[in-house]
Amino acid sequence: MYYKTPTYRLFSIFNYTLLAIIGLLCLLPLVHILAVSLSGKAAANANMVALIPIDFTLDAYAKTLDNDNFISSLWVSFKRTILGTASIMLMITLAAYPLSKDDSVFKGRSIYTWVFVFTMLFSGGLIPSYILIQKLHLMDSIWALILPGAVNVWSMILLLNFFRGVPKELEEASKMDGAGHLRTLWSVYLPVSMPAIATLSLFSMVFHWNSWFDGLIYMSDGSNYPLATFLQTVIVQLDFDNLSMNPEDLENISNRTVKAAQIFIGALPVLLVYPFLQRFFVKGIVMGAVKE
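Count along the sequence shown from 1, add 44, and you get the number used in the working numbering.
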């Protein structure tokens, strides 16, 4: 058996070791952030914290959850992620289904497909996009963060290829029972496409949760910032006004521990959702890879 040969065993050891190192490189920064967020002011400011908290305290989390700006940004991010993910999945599903048909069923399919691909390759640019959002009176609105990315062409093409792999016999059986296109999409295509739906939903969710630049340019009021934009202003721009820390707080809590607590809370929803969807990845990530 090939898996018992010395060469294969050596390859397996190397493979597992490499994956373990990559896993640790991904995990250790998160553990460090958690340790800093749970440490005391003196240890955090002196950069003494590595992977284990020093002078354990939960004051940074208490201060974070008592920060109105942080809670407001967290709520905006939840709304954006739920509405944005639902919008993307609805739009790409309705677009991918007809485009997955042959030219004999949907005449002009190739033209529509190239129109979508053209928009993926050539965008209008930042200034025309800003002017468009302004003219549509969407500034400081949650829809300014959702509508511009509602049709994700890259995800639509992946789902289109997955739909083309669905056996034609299933669609023919559905039509023989009298189902139309919408019924066939809902009852046949979507149930057998759950790996693709789950994978693309997670991609869309992570995209909306982590996006910060559009919040910075489309939101003039800081209370409308999504969480990623809020954290960017605090950590990169060093705008500590959003931390809402008075002098008494600064005497007891380091702003470094507060920032670490906010980063960890911000990453927590994705960490909680990922394990439930990762089982679809093996099949969903290779969708459309096999052509007949």
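Beta carbons are placed, not taken as given, at the ideal position from N, Cα and C, and that holds for glycine.
Test item: CB-CB of P270 and S116 under 7 Å:
Residue numbering aside, residue 270 sits at position 226 when the sequence shown is read from its first letter. Residue numbering aside, residue 116 sits at position 72 when the sequence shown is read from its first letter. P270 places its beta carbon 7 Å or farther from that of S116.
CA-to-CA distance, H181 to I126, given in whole angstroms:
On the sequence shown, position 82 is the one that residue 126 refers to. On the sequence shown, position 137 is the one that residue 181 refers to. Going from the Cα of I126 to the Cα of H181 covers about 22 Å.
Let's test the definition: count the other Cβ atoms within 10 Å of the Cβ of P319 and tell me whether it reaches 16, buried, or not, exposed.
Position 275 of the sequence shown, counted from the first residue, corresponds to residue 319. By the neighbour-count rule (16 or more Cβ atoms within 10 Å), P319 is not buried but exposed.
Taking the alpha-carbon positions, what's the G84 to L138 distance?
Working through the sequence shown from its first residue, we reach residue 84 at position 40. Working through the sequence shown from its first residue, we reach residue 138 at position 94. Looking at the two C-alpha atoms, the distance is approximately 52 Å.
I need the DSSP call for G152, collapsed to helix, strand or coil.
Translated into the one-based positions of the sequence shown, residue 152 becomes position 108. G152 falls in the coil class under three-state DSSP.
Report the rounded CA-to-CA distance for V176 versus A87, giving the unit in angstroms.
For the purposes of this step, residue 176 is taken as residue 132 along the sequence shown, with counting starting at 1. For the purposes of this step, residue 87 is taken as residue 43 along the sequence shown, with counting starting at 1. Looking at the sequence provided, one finds Leu at residue 176 rather than Val. If you take the alpha carbons of L176 and A87, they lie about 49 Å apart.
Going by the CB atoms, is the gap between V317 and A104 shorter than 7 Å?
Walking along the sequence shown from the start, residue 104 turns up at place 60. Walking along the sequence shown from the start, residue 317 turns up at place 273. No. Outside cutoff.
Report yes or no: do the stretch 199-218 and the stretch 129-145 share at least 3 C-beta pairs separated by less than 8 Å?
yes
I'd like the span of the alpha helix (DSSP H) that includes N299, first residue to last.
To locate residue 299, count along the sequence shown from 1; it is residue 255. First-last of the alpha helix (DSSP H) with N299: N299 to L321.
Once you ignore the five residues that flank W198 on each side, which residues in its own chain have a CB closer than 7 Å to its CB?
Here residue 198 corresponds to residue number 154 of the sequence shown, with the count starting at 1. Around W198: M164.
Threshold first: 4 residues or longer. Then list the alpha helix (DSSP H) segments lying entirely within the stretch 178-213, N to C.
187-190 and 197-208
Near I77, what residues of its chain come up, given a Cβ to Cβ distance below 6 Å and the 5 sequence neighbours on each side ignored?
Here residue 77 refers to the residue found at position 33 when the sequence shown is read from its first residue. Closer than 6 Å at the Cβ level, and outside the excluded window around I77, lie A304, I307 and F308.
In the structure shown, what three-state DSSP assignment does S83 receive?
Position 39 of the sequence shown, counted from the first residue, corresponds to residue 83. In this structure, S83 counts as coil in the three-state DSSP scheme.
Apart from the five residues just before and just after V236, which ones in its own chain have a Cβ nearer than 8 Å to its Cβ?
By 1-based counting over the sequence shown, the position of residue 236 is 192. Cβ neighbours of V236 beyond the five flanking positions: V210 and L214.
Using three-state DSSP, classify W256 as helix, strand or coil.
As a working mapping, residue 256 is identified with position 212 in the sequence shown. If DSSP states are grouped into helix, strand and coil, W256 belongs with coil.
For T273, name the three-state secondary structure that DSSP assigns.
Here residue 273 corresponds to residue number 229 of the sequence shown, with the count starting at 1. T273: helix per DSSP, three-state reduction.
A139, enclosing alpha helix (DSSP H) - first and last residue:
If you number the sequence shown from 1, residue 139 lands on position 95. Looking at the DSSP string, the run of the alpha helix (DSSP H) that includes A139 is D112 to L143.
Would you mind stating whether N113 and D184 have Cβ atoms separated by less than 7 Å?
The count along the sequence shown starts at 1 and reaches residue 113 at position 69. The count along the sequence shown starts at 1 and reaches residue 184 at position 140. Taking 7 Å as the Cβ cut-off, N113 and D184 do not qualify as a contacting pair.
For I65, name the three-state secondary structure that DSSP assigns.
Counting from 1 along the sequence shown, the entry for residue 65 is found at position 21. If DSSP states are grouped into helix, strand and coil, I65 belongs with the helices.
Could you tell me the alpha carbon to alpha carbon distance between S245 and T129, rounded to whole angstroms?
Here residue 245 is taken as the residue at index 201 of the sequence shown, counted from 1. Here residue 129 is taken as the residue at index 85 of the sequence shown, counted from 1. So the alpha carbons of these two residues sit roughly 6 Å apart.
Between the stretch 186-198 and the stretch 247-263, are three or more C-beta pairs nearer than 8 Å?
yes
Assuming L95 contacts V75 under a Cβ cut-off of 8 Å, what Cβ separation, rounded to an integer in Å, is found between them?
Position 51 of the sequence shown, counted from the start, is the residue given in the question as residue 95. Position 31 of the sequence shown, counted from the start, is the residue given in the question as residue 75. About 5 Å; that satisfies the 8 Å criterion.
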